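Student: Protein chains in written order, with the working numbering: chain A, 90 to 413; chain B, 149 to 390.
Can you keep this structure in mind? I'll have questions shortly.
Laid out in structure tokens, this is it:
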């Protein structure tokens, strides 16, 4: 049994605005303390949440990151030599995983680090991978990080796809007009120690109709939810609460609502969170679970399903259980 | 930890084959909206598909030492040097799992699909993740390692952290792995790292270990391979079933 031992988040508290490169302002859930898109500031932001969930047995702890952040090590390397201005050659291995590796070295964790980049499902996938690593006996604990910091590139991408709301997010709302992005950092510590919260399991796959969306029937979502139930030896009626992905976009919310109707004869209590913290893309897996555990009251013996559906056809459903 | 190898392919891209043309003409694949990194990854998948049956529920793990540097460079140039708006499919291709989506689509895989990068031992960490996953799911797993040299080559060398004089190469490697020995052509044993004072030689690409393993299988040889990163080493044993 792999349990959620502790969690920590630093996410936006209110809806503000951020500017894209061309000056266009978009609604955005910004962190109170502005974090610049540079290695040091992102590292420090991650470190603050990791410090709060460090277990005693650090050398037996893996660190996994889920993010869709652009790899700024690549941008730095490109800027150093691809254009006119050249910087002195430096040979030090750097990648998107360097945040995890540096933290692992700084805190004496296991050398197993991994950064997963599967768009909106990144840190949800990292949670499932971490659970597998613990179950396989590779490590005893895993810190799973979800991180997403405001990126003009990523935001411009969503803007160019006409997916952003012009006002506020209304997940599953009748008048929803798109998603509102947000930034934040979350950390969840997993291990086998006793805890009221179990990560029972889940199912992750890549079966979407197109690279950007699931079909309006929601059949891809149905498949992933059914398989998550099967993997966790649960029935649909065992699920008491569903944390929906619910971005507030017209098409994806419709697909997920259709899927929920197909999976559940009697709908469980449905929670949507993106109206509170925005869509934190790759960080949403960890951030939304941590936010939910800190802000929503659950009864004992509840089973909670958490959905995440992303670009690149990646879909995942996780199941948590609150024990007595 | 131990896994059985069902099949493998290695391809070093020396520029002799027009991969995009090959994908369109020989494999009848749609190459629109993709780029060189994705072409190379998908091409490797097609080479594997010619050698072994790929199942719909096979798990797919894709890893890279550097990632798709060309698309980052392209968007960086557009947005910050030429003040042009970001193009839709350039944005999509920036996401790591776009590459794994196209691989999965071309192989008919609808199962688990993970794109991941590790600063230290990216191939063996992926191997460990894949092992832990199929221990639970009992499925087979396909591991793809992909590295593409971008232009100028110095970008790739800086990210890899190799000497400026190191010769780097573009390469794609695949392995189909299983917990079951049935039909296996080899076995691979691996574990977490140990301390070492030895120093690593520069590699032509970050995921070189997967290439070395595949070469041993091709030559039907057993192999003891030691991979070194900073002050840590990983020992990998390959047994070829002759």
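Backbone N, C-alpha and C define an ideal beta-carbon position, used for all residues, glycine too.
Predicted model only: the values in this text are computed from it and were never measured.
Could you give the C-beta distance for residue 375 of chain A and residue 277 of chain A, rounded to a whole number, given that I count them as a contact under 8 Å?
Tutor: 5 Å
Student: Report the residue ranges of all beta strand (DSSP E) runs contained in full by the segment 179-256 of chain B; include only those spanning at least 3 residues, in chain order.
Tutor: 207-211
Student: Please report how far the alpha carbon of residue 166 of chain A lies from the alpha carbon of residue 384 of chain A, in whole angstroms.
Tutor: 41 Å
Student: Quick one: list the residues of chain B neighbouring residue 186 of chain A, beta-carbon separation under 7 Å, in chain order.
Tutor: Ordered by position in chain B, the residues that pass the 7 Å Cβ test against residue 186 of chain A are 265, 266, 267.
Student: Within the segment 115-178 of chain A, note down every full alpha helix (DSSP H) run reaching 4 residues or more, in order along the chain.
Tutor: 128-140, 161-170
Student: Beta-carbon separation of residue 371 of chain A and residue 157 of chain A under 9 Å?
Tutor: yes
Student: Of all the residues that make up the segment 326-348 of chain B, which are near chain A by a beta-carbon distance shorter than 8 Å?
Tutor: 340, 341
Student: Show which residues of chain A have a CB atom less than 8 Å away from the CB atom of residue 236 of chain B.
Tutor: 246, 249, 250
Student: Consult DSSP for residue 361 of chain B and reduce its assignment to one of helix, strand or coil.
Tutor: helix
Student: Quick one: which chain A residues come within Cβ less than 8 Å of residue 101 of chain B?
Tutor: Outside the shown range of chain B, which is 149 to 390, sits residue 101 of chain B, and nothing can be said about it.
Student: Sort out for me which residues DSSP pairs residue 398 of chain A with in a bridge.
Tutor: Residue 398 of chain A is bridged by DSSP to A:404.
Student: Kindly indicate which three-state DSSP category residue 95 of chain A falls into: helix, strand or coil?
Tutor: strand
Student: Can you give the Cα-Cα distance for residue 288 of chain A and residue 398 of chain A, rounded to whole angstroms?
Tutor: 19 Å
Student: Is the beta carbon of residue 413 of chain A closer than 9 Å to that of residue 306 of chain B?
Tutor: no
Student: Using a Cβ-Cβ distance cut-off of 9 Å, determine whether residue 205 of chain A contacts chain B.
Tutor: yes
Student: Could you compute how far the alpha carbon of residue 258 of chain A sits from the alpha carbon of residue 357 of chain B?
Tutor: The straight-line gap from Cα to Cα measures roughly 46 Å.
Student: Would you check if the distance between the CB atom of residue 209 of chain A and the CB atom of residue 334 of chain A is smaller than 9 Å?
Tutor: Yes, the Cβ-Cβ distance between residue 209 of chain A and residue 334 of chain A is below 9 Å.
Student: Rounded to a whole number of angstroms, what is the C-alpha to C-alpha distance between residue 245 of chain A and residue 231 of chain B?
Tutor: 12 Å
Student: What residues from chain B crowd round residue 301 of chain A, counting only those whose CB sits closer than 8 Å?
Tutor: 240
Student: Counting only C-beta atoms, is residue 225 of chain B closer than 9 Å to chain A at any point?
Tutor: yes
Student: Could you work out which residues of chain A lie near residue 233 of chain B, taking near to mean beta carbons separated by less than 8 Å?
Tutor: 111, 245, 249
Student: With burial defined as no fewer than 16 other Cβ atoms inside 10 Å of the residue's Cβ, what is the status of residue 269 of chain B: buried or exposed?
Tutor: buried
Student: Taking only beta-carbon atoms, is residue 218 of chain A less than 9 Å away from chain B?
Tutor: yes
Student: Using the Cα positions of residue 154 of chain A and residue 212 of chain A, report the straight-line distance between them to the nearest angstrom.
Tutor: 7 Å
Student: Taking the alpha carbon of residue 406 of chain A as the reference point, which residue from A:300, A:274, A:215 has its own alpha carbon closest?
Tutor: A:215
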